[in-house]
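Those protein sequences? They're chains W and P, same order as listed. Per the working numbering, residue 1185 is the first one in the first sequence, and the count goes up by one each step. Per the working numbering, residue 1185 is the first one in the second sequence, and the count goes up by one each step. Glycine included, each C-beta is placed from N, C-alpha and C at the ideal position.
2 protein chains.
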Amino acid sequence: MQGGGWSDQVNALGGFIRAQRQMAKLSLREMASMTRVSNAYLSQVERGLHQPSLKVLHSIADALQLNTEQLLQQAGWGGGVGAAAAANGGAEPAAEEASAGPCSVEEAVRAETRLTEEQKAALLGVYRSFLES
Amino acid sequence: MQGGGWSDQVNALGGFIRAQRQMAKLSLREMASMTRVSNAYLSQVERGLHQPSLKVLHSIADALQLNTEQLLQQAGWGGGVGAAAAANGGAEPAAEEASAGPCSVEEAVRAETRLTEEQKAALLGVYRSFLES
DNA sequence: CAGCTTTGATTGACATACTTAACGCTGCTG
DNA sequence: CAGCAGCGTTAAGTATGTCAATCAAAGCTG
Chain W
1185 MQGGGWSDQV NALGGFIRAQ RQMAKLSLRE MASMTRVSNA YLSQVERGLH QPSLKVLHSI
1245 ADALQLNTEQ LLQQAGWGGG VGAAAAANGG AEPAAEEASA GPCSVEEAVR AETRLTEEQK
1305 AALLGVYRSF LES
Chain P
1185 MQGGGWSDQV NALGGFIRAQ RQMAKLSLRE MASMTRVSNA YLSQVERGLH QPSLKVLHSI
1245 ADALQLNTEQ LLQQAGWGGG VGAAAAANGG AEPAAEEASA GPCSVEEAVR AETRLTEEQK
1305 AALLGVYRSF LES
């Protein structure tokens, strides 16, 4: 059972979808009727409890009018499509307290030690997509 | 049971995969070991009996060294999103002015003047959901 | 010919995607 | 206060994806 390792990735996807849905001011039930996917399942997907199939992912992208590639990238296709070259530098010294440091959102997220790298990438993805509007 | 409407699509995907595999002169079992997906399931996918998940699709694309977009298009992404236009030139300004102030993610987000209140709320919602693991 | 290997296909059991019907909570309206 | 309406979440069930074991047929080797 190699399960579990990918939950970060799924959580990133779910957070991304949830953020986009909230920005579009849709409730779970509204989005459910648009996508013809049950609200319950959407809730679970958004919290990373399940990985949606292509059909569902497609419906979601359609309902939220999202850029397809962006959504797919969040869904785990970071290995081939966009290649945004996230230069990772080296391992950071894992500062225990973020008490002293730079203050932009980007820096603050990167300095947050409680987040995984995937989570940071997802959060920054949402952030940048907001800035592009 | 809705008998078959989408089977055309799946069959197209399966046929495409089978053709590519044979062209690469791989047996089902060879490809199975490369993709870490069972030969049995690959056989079924190739004959349109099942629609593979993202994970499997990704593995297949990787093993066959296929163009990702090409495979996804066969898998059913040819139809819906429409428009999108995706003018994604990619010029990321990255001008982080960072007004000197607090440093946590929460504070940094609240201090970000380019975000609307809704966007801040959405972003912080994702952030907090990540922390609640 | 028997025996070994490899091929694609099938079966049965299990894990995961997904649905429908509830639940508890918050905010309103009378 | 009761009562309704909306929200997100949970519970229990069904459908589908996925695997390990197995099969019959075809190609070799001796």
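#1: Would you mind working out which of Asn1195(P), Thr1300(P), Glu1253(P), Ala1295(P) sits nearest Leu1226(P), comparing C-alpha positions?
#2: Using the three-state DSSP reduction, which class does His1242(P) fall into: helix, strand or coil?
#3: What would DSSP say about Thr1300(P), mapped onto helix, strand or coil?
#4: When the Cα atoms are used, what is the spatial distance from Leu1248(P) to Ser1237(P)?
#5: Reducing DSSP to helix, strand and coil, say where Ala1259(W) ends up.
#6: Residues of the region 1201 to 1216 of chain W in Cβ contact with chain P at a cutoff of 9 Å, in chain order, please.
#7: Let me see if you follow: with CB-CB separation under 7 Å, is Glu1296(P) close to chain W or not?
#8: Mind pulling the chain P residues with CB within less than 9 Å of Leu1299(W)?
#9: Please look up how many angstroms separate the CB atoms of His1234(P) and Gly1260(W), rounded, as I've assumed it's under 8 Å.
#10: Excluding five sequence neighbours on each side, which residues of the same chain lie with their C-beta closer than 8 Å to the C-beta of Lys1304(W)?
#11: Using a cut-off of 9 Å between C-beta atoms, extract the partners of Leu1307(W) located in chain P.
#12: With a threshold of 16 other CB atoms inside 10 Å of the CB of Gln1206(P), please say whether the residue is buried or exposed.
#13: By the criterion of Cβ-Cβ separation under 8 Å, what are the contact partners of Gln1303(P) in chain W?
#14: What residues in its chain sit with their C-beta under 8 Å from that of Phe1200(W), if we drop five residues either side in the sequence?
#15: For Leu1250(P), which residues of its own chain have a beta-carbon under 8 Å away from its beta-carbon, when the five flanking residues on both sides are left out?
#16: Could you give the DSSP three-state label for Ala1275(P): helix, strand or coil?
#17: Identify whether Leu1210(P) lies in helix, strand or coil by the three-state DSSP scheme.
#18: Taking a cut of 8 Å between CB atoms, which residues from the region 1226 to 1241 of chain W lie near chain P?
#19: Using 10 angstroms around the beta-carbon of Leu1144(P), count the other beta-carbons present and answer buried if the total reaches 16, otherwise exposed.
#20: What number of angstroms, rounded off, separates the C-alpha of Gly1217(W) from the C-alpha of Asp1246(P)?
#21: Nearest by alpha-carbon distance to Leu1197(W): which of Leu1212(W), Ser1222(W), Gly1232(W), Phe1314(W) is it?
#22: Quick check: is the beta carbon of Ala1224(W) nearer than 7 Å to any beta carbon in chain P?
#23: If we ignore side chains and look at the alpha-carbon of each, how far apart do Phe1314(W) and Ala1208(W) end up?
#24: Could you name the residues of the same chain whose beta carbon sits closer than 8 Å to that of Arg1220(P), not counting the 5 residues immediately before and after it, in chain order?
#25: Quick one: is Ala1292(W) near chain P, going by C-beta distance under 7 Å?
On the basis of the supplied data:
#1: Sequence index remark: in the second sequence, residue 1226(P) carries index 42 (1-based). Of Asn1195(P), Thr1300(P), Glu1253(P), Ala1295(P), the residue nearest in Cα terms is Asn1195(P).
#2: Position 58 of the second sequence, counted from the start, is the residue given in the question as residue 1242(P). His1242(P): helix per DSSP, three-state reduction.
#3: In the second sequence, counting from the first residue as 1, residue 1300(P) sits at position 116. Secondary structure at Thr1300(P): coil, using DSSP grouped into helix, strand and coil.
#4: Numbered from 1 along the second sequence, position 64 holds the residue referred to as residue 1248(P). Numbered from 1 along the second sequence, position 53 holds the residue referred to as residue 1237(P). Cα-Cα distance, rounded: 17 Å.
#5: Here the question's residue 1259(W) lines up with position 75 in the first sequence. In this structure, Ala1259(W) counts as coil in the three-state DSSP scheme.
#6: Only Arg1202, Ala1203, Gln1204, Arg1205, Gln1206, Met1207, Lys1209 from the region 1201 to 1216 of chain W bring a Cβ to less than 9 Å from some Cβ of chain P.
#7: Reading the second sequence from its first residue, position 112 is the one you call residue 1296(P). Yes, contact with chain W.
#8: Mapped onto the first sequence, residue 1299(W) falls at position 115. Near Leu1299(W) (Cβ distances below 9 Å), the residues of chain P are Val1289, Tyr1311, Phe1314, Leu1315.
#9: For this step, residue 1234(P) is matched to residue 50 along the second sequence. For this step, residue 1260(W) is matched to residue 76 along the first sequence. With 8 Å as the limit, His1234(P) and Gly1260(W) do not qualify as a contact, their Cβ atoms being about 19 Å apart.
#10: Taking the first residue of the first sequence as position 1, residue 1304(W) is located at position 120. Same-chain partners within the cutoff: Val1293, Arg1294, Glu1296.
#11: As a working note, residue 1307(W) is residue 123 in the first sequence. Going along chain P in sequence order, the residues near Leu1307(W) (Cβ under 9 Å) are Val1289, Leu1307, Val1310, Tyr1311, Phe1314.
#12: Within the second sequence, numbered from 1, the residue matching residue 1206(P) stands at position 22. With fewer than 16 Cβ atoms within 10 Å of its Cβ, Gln1206(P) is classed as exposed.
#13: On the second sequence, position 119 is the one that residue 1303(P) refers to. Contact annotation for Gln1303(P) against chain W: Met1207, Phe1314 [CB-CB distance below 8 Å, chain order].
#14: Taking the first sequence and counting its residues from 1, one reaches residue 1200(W) at position 16. Residues of the same chain with a CB within less than 8 Å of the CB of Phe1200(W), apart from the 5 flanking positions on each side, are Leu1255, Gln1258, Ala1306, Gly1309, Val1310 in chain order.
#15: On the second sequence, position 66 is the one that residue 1250(P) refers to. Closer than 8 Å at the Cβ level, and outside the excluded window around Leu1250(P), lie Gln1204, Ile1244.
#16: Position 91 of the second sequence, counted from the first residue, corresponds to residue 1275(P). Per-residue confidence for Ala1275(P) stands at a pLDDT of 38, beneath the threshold of 50, marking its modelled position as unreliable; no derived number is given.
#17: Counting from one through the second sequence, the residue named residue 1210(P) turns up at place 26. Leu1210(P) sits in coil when the DSSP states are folded into three classes, being neither helix nor strand.
#18: For the region 1226 to 1241 of chain W, which is checked against every Cβ of chain P, the residues closer than 8 Å are Arg1231, Gln1235, Ser1237, Leu1238, Lys1239, Leu1241.
#19: It is not possible to answer for residue 1144(P), since the shown part of chain P is limited to 1185 through 1317.
#20: To locate residue 1217(W), count along the first sequence from 1; it is residue 33. To locate residue 1246(P), count along the second sequence from 1; it is residue 62. It is Ser, not Gly, that sits at residue 1217(W) in the sequence shown. Computed Cα separation, rounded: 35 Å.
#21: For the purposes of this step, residue 1197(W) is taken as residue 13 along the first sequence, with counting starting at 1. Minimum Cα distance to Leu1197(W) is reached at Gly1232(W).
#22: Counting from 1 along the first sequence, the entry for residue 1224(W) is found at position 40. No, Ala1224(W) lies away from the interface with chain P (no Cβ there is under 7 Å from its Cβ).
#23: Counting from 1 along the first sequence, the entry for residue 1314(W) is found at position 130. Counting from 1 along the first sequence, the entry for residue 1208(W) is found at position 24. Between Phe1314(W) and Ala1208(W), the C-alpha separation is close to 12 Å.
#24: Along the second sequence, one-based indexing puts residue 1220(P) at 36. Closer than 8 Å at Cβ, skipping near neighbours: Ser1243.
#25: Along the first sequence, read from residue 1 onward, the residue named residue 1292(W) stands at position 108. The beta-carbon of Ala1292(W) is placed less than 7 Å from the nearest beta-carbon of chain P.
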